[in-house]
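Have a look at the structure below, then the notes.
Number of protein chains: 2
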Amino acid sequence: MSTVKAYAAKSATTPIEPFNIERRELKPHDVQLEILYCGVCHSDLHTARNEWGNTMYPVVPGHEIVGRVIKVGNHVKKYKAGDLAAIGCLVDSCRECDNCKEGLEQYCSNGMVGTYNAHERDGSGITYGGYSKQIVAHEDFVLKISDKLPLENVAPLLCAGITTYSPLRHWKVSKGDKVGILGLGGLGHMGVKLAVSFGAEVTMLSHTPSKEADAKRLGAHKFLLTTDKEKVKSMHNYFDFILDTVSAPHDYNIYLNMLKTNGVMVCVGAPSEPAHIPAFNLIMQRRSFAGSLIGGIAETQEMLDYCAAHNITSDVEVINIKDINESYERMLKGDVRYRFVIDMATL
Amino acid sequence: MSTVKAYAAKSATTPIEPFNIERRELKPHDVQLEILYCGVCHSDLHTARNEWGNTMYPVVPGHEIVGRVIKVGNHVKKYKAGDLAAIGCLVDSCRECDNCKEGLEQYCSNGMVGTYNAHERDGSGITYGGYSKQIVAHEDFVLKISDKLPLENVAPLLCAGITTYSPLRHWKVSKGDKVGILGLGGLGHMGVKLAVSFGAEVTMLSHTPSKEADAKRLGAHKFLLTTDKEKVKSMHNYFDFILDTVSAPHDYNIYLNMLKTNGVMVCVGAPSEPAHIPAFNLIMQRRSFAGSLIGGIAETQEMLDYCAAHNITSDVEVINIKDINESYERMLKGDVRYRFVIDMATL
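Protein chains in written order, with my numbering: chain G, 462 to 808; chain V, 462 to 808.
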């Protein structure tokens with residue numbers, strides 16, 4: 462065991478603060494990383510404040526982790542000390558169920574092990590995430606990253622990137638498809654970049670007029686102000702696919718009605734209130750309303766390789782870890798373009 | 462024009478009663494049918510009583526029509542006097558939009574013309590349905606039927622049959638798939654027969670214990686009493702596909718949670734209340750919630766041919782048209798196995 466500096470929330474109502482954690486001795490297939498950057502995901506805030514009601518304190522958030530390998534177990538073949546590497550939202554799964562065998566570890570039938578706030582499968586304790594100096598994980602859950610992209614901009618790909626890449630790929634978004642991206646935040650800005658790179662005609666759907674310029678700069682071909690009822694109406698039956706990245710409660714029907722026949726709307730954000738959907742809004746054009754959760758390990762690697770090949774990264778604001786609590790407040794106000802990333806050298 | 466006996470609702474609160482209607486002179490591509498049987502669909506009742514708020518009185522319901530051709534227009538090639546033929550839920554569409562060109566006339570971008578309670582495209586009036594002695598329609602919206610099956614049992618295929626066939630085909634239900642059919646009524650009993658014939662393992666989902674024997678007789682392999690919480694729990698993440706035929710308000714989440722990863726639940730019934738769906742129930746297993754509306758003309762013909770080849774028909778109770786109002790009351794109580802069909806010789 463090694464003692465490692467970290468930042469933790471000790472309760473739902475106290476700030477995130479310095480905290481020492483233990484990282485396990487390396488098992489034969491383990492990789493130990495020095496964490497260089499860790500992205501700040503809205504899930505970190507939900508968990509720190511127990512907004513999903515399942516937080517085990519103290520919790521060390523962070524699942525957008527990039528770093529450098531400092532040590533590997535005896536049997537590790539994929540990594541050696543000095544390599545760049547990354548860890549995303551999960552660090553283990555049963556590896557035996559049908560989903561794991563198909564590379565869908567995120568849907569592991571026996572429960573995937575999240576990078577933080579999860580029980581280790583061997584009963585050895587609770588996982589601690591990337592707001593820390595080091596992390597240890599099985600090599601099968603460690604990703605390779607390119608040295609050609611700035612590491613701080615790569616970090617958010619591990620959650621915001623894969624969460625948007627996976628549904629766009631699963632539903633085969635490609636050249637000529639009309640795609641709407643709902644919400645321009647950490648997820649939405651990656652959704653725009655990725656969908657544009659796949660050749661889709663991309664429309665940013667937002668209720669904030671000031672986001673139009675940014676959406677266009679990110680590559681969006683169109684901008685639809687969702688408070689403009691006439692313009693919304695003019696886009697009824699328009700989209701093949703809508704990616705809904707919004708976590709705040711909202712009316713899904715406005716967007717469902719913009720789907721053409723056989724259109725699909727996929728939500729990756731989970732508001733606190735259920736969606737209220739009249740069946741007719743689906744029936745009349747054979748529309749689908751679906752959900753998608755991050756991505757499997759193989760697909761996450763595919764996404765990282767794709768982003769390296771196409772020079773796609775996240776727009777970030779690098780912060781000192783002592784400013785983490787302030788960054789949460791700014792994130793709640795949408796005051797970030799588009800992801801905070803902690804420079805772990807500041808810890 | 463020819464005057465034809467029919468039954469109509471003249472208001473939302475009066476019984477369906479005898480009424481004479483005019484059928485148009487045959488245009489070059491028109492087919493005139495003598496109606497032999499007409500199925501009684503729940504939509505007939507919704508429309509007669511203006512439960513969807515769009516009824517134009519007087520309304521002659523009925524869109525599960527089988528009959529015999531008595532006359533054809535000069536240019537009709539597909540039919541001749543004496544042929545058996547059928548008409549389903551739609552009698553026209555724009556034929557020019559992308560959906561029409563793809564054989565998805567039911568999703569016509571310019572509005573398909575329903576068999577009753579719809580405006581004719583040429584402005585000549587309102588369509589009247591199958592509770593009548595004769596009907597006239599363009600040959601492209603007339604279907605061929607086999608003389609090998611009893612006509613009264615074929616009639617409900619025109620709505621209940623295609624409404625369940627189309628989503629089962631569109632989502633490629635096939636051998637080995639685990640399929641749940643929710644609700645054992647006119648639609649549900651066709652869903653069971655069709656899904657079984659496609660090779661699926663079929664489970665009837667019902668809150669009525671007494672329906673178990675019937676479900677098994679129809680071919681269902683399993684029966685799940687949906688009020689048994691333990692059994693429901695044991696089928697979490699079980700189904701590839703669920704066809705939801707229920708028109709009464711119900712909790713969709715019980716069934717969504719029974720879908721395995723990538724599972725799809727399709728609703729073909731439209732309750733008066735919206736579905737309330739927490740996004741997490743879709744996100745956690747990449748589930749889809751979709752809708753489907755009847756089927757296009759080519760697919761309806763495919764379904765009729767398939768049913769003839771596989772000896773699949775509806776279980777019906779044949780009624781005298783003077784008992785139509787009583788049959789509505791019995792339908793509301795679920796007191797029909799599984800479709801009323803009017804013998805039009807009684808008119």
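Each residue gets a CB set at the ideal place from its N, CA and C atoms; glycine is no exception.
Neighbour flag for residue i against chain G, beta carbons, 8 Å
i, result
"residue 764 of chain V", "no"
"residue 626 of chain V", "no"
"residue 810 of chain V", "There is simply no residue 810 of chain V to check, as chain V begins at 462 and stops at 808 in what is shown."
"residue 754 of chain V", "yes"
"residue 741 of chain V", "yes"
"residue 704 of chain V", "no"
"residue 477 of chain V", "no"
"residue 700 of chain V", "no"
"residue 499 of chain V", "no"
"residue 570 of chain V", "yes"
"residue 554 of chain V", "no"
"residue 729 of chain V", "yes"
"residue 463 of chain V", "no"
"residue 746 of chain V", "yes"
Cβ of residue i within 8 Å of any chain V Cβ
i, result
"residue 468 of chain G", "no"
"residue 735 of chain G", "yes"
"residue 759 of chain G", "no"
"residue 722 of chain G", "yes"
"residue 587 of chain G", "no"
"residue 738 of chain G", "yes"
"residue 612 of chain G", "no"
Inter-residue spacing [alpha-carbon to alpha-carbon] between residue i and residue j
i, j, result
"residue 644 of chain V", "residue 662 of chain V", "16 Å"
"residue 655 of chain V", "residue 606 of chain V", "18 Å"
"residue 474 of chain V", "residue 510 of chain V", "7 Å"
"residue 638 of chain V", "residue 562 of chain G", "19 Å"
"residue 586 of chain G", "residue 550 of chain G", "17 Å"
"residue 692 of chain V", "residue 730 of chain G", "31 Å"
"residue 591 of chain G", "residue 565 of chain V", "51 Å"
"residue 706 of chain V", "residue 505 of chain G", "40 Å"
"residue 576 of chain G", "residue 583 of chain G", "15 Å"
"residue 541 of chain V", "residue 553 of chain V", "20 Å"
"residue 479 of chain V", "residue 469 of chain V", "6 Å"
"residue 685 of chain V", "residue 676 of chain V", "10 Å"
Cβ neighbour criterion (16 or more within 10 Å) applied to residue i
i, result
"residue 531 of chain G", "exposed"
"residue 709 of chain V", "exposed"
"residue 678 of chain V", "exposed"
"residue 491 of chain V", "buried"
"residue 632 of chain G", "buried"
"residue 793 of chain G", "exposed"
"residue 649 of chain G", "buried"
"residue 688 of chain V", "exposed"
"residue 519 of chain V", "buried"
"residue 524 of chain G", "buried"
Close-in-space but distant-in-sequence residues of the same chain around residue i (CB under 6 Å, 5 per side omitted)
i, result
"residue 544 of chain V", "530"
"residue 672 of chain V", "645"
"residue 701 of chain V", "638, 639, 724"
"residue 683 of chain G", "664"
"residue 647 of chain V", "621, 799, 800"
"residue 727 of chain G", "628, 704, 751, 753"
Closest residue to residue i among the options (Cα-Cα distance)
i, options, result
"residue 597 of chain V", "V/734, V/465, V/689", "V/465"
"residue 496 of chain G", "G/546, G/477, G/472", "G/546"
"residue 500 of chain V", "V/617, V/489, V/761, V/576", "V/617"
"residue 739 of chain V", "G/744, G/743, G/752", "G/752"
"residue 498 of chain V", "V/760, V/613, V/622", "V/613"
"residue 773 of chain G", "G/632, G/706, G/623", "G/623"
"residue 494 of chain G", "G/570, G/519, G/534", "G/534"
"residue 698 of chain V", "V/704, V/718, V/690", "V/718"
"residue 713 of chain V", "V/721, V/694, V/735", "V/735"
"residue 777 of chain G", "G/685, G/798, G/502", "G/798"
"residue 780 of chain G", "G/630, G/526, G/803", "G/803"
"residue 756 of chain V", "V/628, V/636, V/785", "V/628"
"residue 609 of chain V", "V/786, V/771, V/571", "V/771"
Neighbourhood of residue i by C-beta, 7 Å cutoff - its chain only, sequence neighbours within 5 removed
i, result
"residue 482 of chain G", "465, 467, 521, 589, 593"
"residue 721 of chain G", "698, 699, 700, 701, 746"
"residue 626 of chain V", "655, 756, 764"
heavy atom of the ligand FMN below 7 Å from residue i C-beta
i, result
"residue 778 of chain G", "The ligand FMN is absent from the structure shown, which contains no ligands of any kind."
Residues of its chain near residue i, where Cβ-Cβ distance is below 8 Å and the 5 sequence neighbours each way are ignored
i, result
"residue 517 of chain V", "578, 587"
"residue 604 of chain G", "546, 547, 548, 549, 619, 758, 761, 762, 765"
"residue 611 of chain G", "774"
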